[in-house]
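Q:
Residue numbers (this note's numbering): 1 to 188.
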């Protein structure tokens with residue numbers, strides 16, 4: 001990625017976003033943030049890059065900045081279910097349960113297979129004393145065809161959104177909200 005960027009090839013903003021994702025996956029979070037910010041200078045309306053920047057910021061513990069990035073992603077693309085889920089999880093972590101739940105509900109309305117959103121909804125409902133509703137939400141997130149994955153959002157060649165699946169992490173309950181979302185896979 002770096003050599004392609006230095007050579008001045010076309011599509012530099014996309015290369016920088018790809019580099020940001022690779023750096024995130026390698027745990028180079030500060031460099032990932034910088035790469036996403038440079039990508040946004042070339043493509044300021046790239047909602048998915050704003051969402052991914054938010055994830056890197058959240059992983060660094062910079063929750064306020066992460067929330068701003070998720071909000072910007074949703075301003076640009078209100079249909080980005082993963083950004084709703086990430087924003088909802090971040091708001092819950094900050095103690096803003098009502099707004100957090102609202103975004104998680106929007107996430108599952110947009111993508112009923114978004115396991116991490118169901119998991120956060122279930123955990124919050126359990127804390128609020130609604131165990132039956134909590135179990136129902138947790139069960140929805142464990143359906144066949146739903147896999148928990150890193151929350152880096154992208155699109156395949158047909159324009160379908162996806163998240164990269166780093167392995168089989170089908171139980172979202174032990175996962176950190178700022179680093180996870182789901183990718184829907186066809187059942188095998």
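C-beta atoms are modelled at their ideal positions from N, C-alpha and C, and glycine is treated no differently.
Note that this is a predicted model, so its numbers are computed, not measured.
Check the C-beta distance from residue 36 over to residue 17 and give it rounded, since I have them as a contact under 8 Å.
A: Sure, about 7 Å apart at Cβ, within 8 Å.
Q: Less than 7 Å between C-beta atoms, sequence neighbours within five positions excluded: which residues of the same chain meet that for residue 107?
A: Once the five neighbours on either side are set aside, the close Cβ partners of residue 107 are 81, 84, 85, 88, 114, 117.
Q: Assuming residue 121 and residue 137 form a contact by the criterion Cβ under 8 Å, report the distance between their Cβ atoms to the nearest whole angstrom.
A: That pair is a contact at about 4 Å.
Q: Quick one: Cα of residue 61 to Cα of residue 29, how far?
A: One C-alpha to the other measures close to 11 Å.
Q: Nearest to residue 43 by CA position, among 13, 34, 69, is which residue?
A: If we check each option's Cα against that of residue 43, 13 comes out closest.
Q: Looking only at its own chain, which residues have a Cβ that is under 6 Å from the Cβ of residue 96, when we skip the five neighbours before and after it?
A: Cβ neighbours of residue 96 beyond the five flanking positions: none.
Q: At the level of alpha carbons, what is the spacing between residue 163 and residue 68?
A: Only weak support exists for where residue 163 lies, its pLDDT of 38 falling under 50; the coordinates are left without a value.
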